[in-house]
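One structure below.
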Amino acid sequence: MKDPGSFQIPYIIGDITIEKALCDLGASINLMSLNMMRRMRIEEAKPTRMALQLADRTFKFPHGMVKDLLVKVGEFIFLADFVVLDMEEETNTSIILGRPFLTTAGAIIDVQKGELVLRLHEEKMVFNVFKAMSYPKEAIGECMMVDTIEQIVQGVLEEEQYEGSIELEQQAPREEPPQGTIESSIMTNHKDNNGEEAPKLELKTVPPSLKYAYLGDNSTYLVIINSSLSKEQEEELIQVLKQHKDAIG
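Residue numbers for the sequence shown follow full-length UniProt numbering, beginning at 1 and rising by one.
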């Protein structure tokens, strides 16, 4: 009989797909091996004073902690923090998802049916944790960013911004204002220039569970994110994506 407190699900972190990842209700942390951190090309982990007690009652000190990794399970994407430990690993234990991740994912386990349900607001995803599951090796479905859309939008924005600046220059009046209005005119022009917005584009319609967001100024560097995130979660996600903007492409 299988242990209902631990089970396996498929997920993706970055460009690494793990088809059978261990979820453990007995783990109070999300754990990642040092080798897995290196495979993800994460250069360093934040130091921590945490001490981990292993099953044999011995203690080990982690290599560090990695924060705000994007974990994709099916069509859901969650932010998760991982403790990095230099340890021997098997295929399904290079990463262990513990109670913090399952809490974030709103997990419900039906032991009688052998089902794990992950929830994100009104949407849910059901896994049969007692049966072998077959998943494609390729990355599934929609990504956090669509490169083709981003490149097209960026090119159109640059072209329209350039044409718009030429048109404004050609249409700008050359008459000098009366002496009494020079100061107010300068302030108005300065405000208009600073407040100039990038041209608004007619974007393709996305499913209700997704929405557009921008990493750059003036509505540039387009990404697609989950629309059900709270304002705080959305701001955290945008900050993480901005930090890795060069890696995203």
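Every residue gets a Cβ at the ideal spot worked out from N, C-alpha and C, and that includes glycine.
Note that the structure is a prediction, hence the values are computed from the model and not measured.
Notebook entry, point to check: Can you give the Cα-Cα distance for residue 63 and residue 53, rounded to whole angstroms?
Noted result: 14 Å
Notebook entry, point to check: Helix, strand or coil: which one does DSSP assign to residue 29?
Noted result: Three-state result, residue 29: coil.
Check: Under the rule that 16 or more other beta-carbon atoms within 10 Å means buried, what is residue 128, buried or exposed?
Finding: When all chains shown are included, residue 128 counts as exposed.
Margin query: Tell me the DSSP secondary structure of residue 60 in three-state form.
Written below: strand
Notebook entry, point to check: Hey, how far is the Cα of residue 81 from the Cα of residue 19?
Noted result: 20 Å
Checklist line | Nearest-angstrom Cα separation, counted from residue 208 out to residue 234 | finding: Near 16 Å, if we compare the C-alpha coordinates of residue 208 and residue 234.
Checklist line | Cβ-Cβ separation, residue 214 to residue 220 (assumed contact under 8 Å), whole Å | finding: 6 Å
Next item on the list: Indicate whether the contact test is met: 3 or more Cβ pairs, each with one atom in the stretch 71–88 and one in the stretch 22–35, closer than 8 Å.
Entry: yes
Next item on the list: Would you decide whether residue 24 is buried or exposed? Buried here means 16 or more other CB atoms lie within 10 Å of its CB.
Entry: Counting Cβ neighbours within 10 Å, residue 24 comes out buried, since at least 16 surround it.
Checklist line | Straight-line gap, residue 8 to residue 94 (C-alpha atoms, nearest Å) | finding: 12 Å
Next item on the list: Whole angstroms is fine: what's the gap from residue 115's alpha carbon to residue 204's?
Entry: 36 Å
Margin query: Within the continuous alpha helix (DSSP H) that includes residue 236, where are the two ends?
Written below: 231–243
Checklist line | When 99, 73, 237, 231 are compared against residue 10, the one with the closest alpha-carbon | finding: 73
Notebook entry, point to check: For residue 75, which option in 14, 123, 217, 218 has the closest C-alpha, if you only look at C-alpha atoms?
Noted result: 123
Check: Does the beta-carbon distance from residue 71 to residue 79 come in below 9 Å?
Finding: yes
Check: For residue 240, which residues of its own chain have a beta-carbon under 6 Å away from its beta-carbon, when the five flanking residues on both sides are left out?
Finding: 68
Margin query: For residue 224, count the other beta carbons within 10 Å of its own beta carbon; 16 or more makes it buried, fewer makes it exposed. Which is it?
Written below: buried
Notebook entry, point to check: Going straight from the alpha carbon of residue 106 to that of residue 29, what length do you get?
Noted result: 16 Å
Margin query: Just to confirm my understanding: we take residue 37, look at its own chain, exclude 5 residues before and 5 after, and list those with CB closer than 6 Å. What are they?
Written below: 84
Checklist line | Presumed contact (8 Å Cβ cut-off) between residue 16 and residue 50, rounded CB distance | finding: Contact doesn't hold; Cβ gap of about 24 Å is too wide.
Margin query: So, for residue 118: in the same chain, excluding its five sequence neighbours on each side, which residues have a beta-carbon less than 7 Å away from its beta-carbon?
Written below: 73, 76, 105, 106, 107, 124, 125
Next item on the list: Check each candidate in 61, 57, 55 and name the one with the smallest Cα separation from residue 47.
Entry: Across the set 61, 57, 55, the C-alpha of 61 shows the shortest separation from the C-alpha of residue 47.
Item checked: residue 136 to residue 13 span [Cα, whole Å] -> Only weak support is given to the placement of residue 136: the predicted model assigns it a pLDDT of 39, under 50, and the question is left unresolved by the model.
Next item on the list: Label residue 26 either buried or exposed according to how many other C-beta atoms from any shown protein chain fall within 10 Å of its C-beta, with 16 as the threshold for buried.
Entry: exposed
Next item on the list: Determine which residues share a DSSP beta bridge with residue 21 and list them.
Entry: 9
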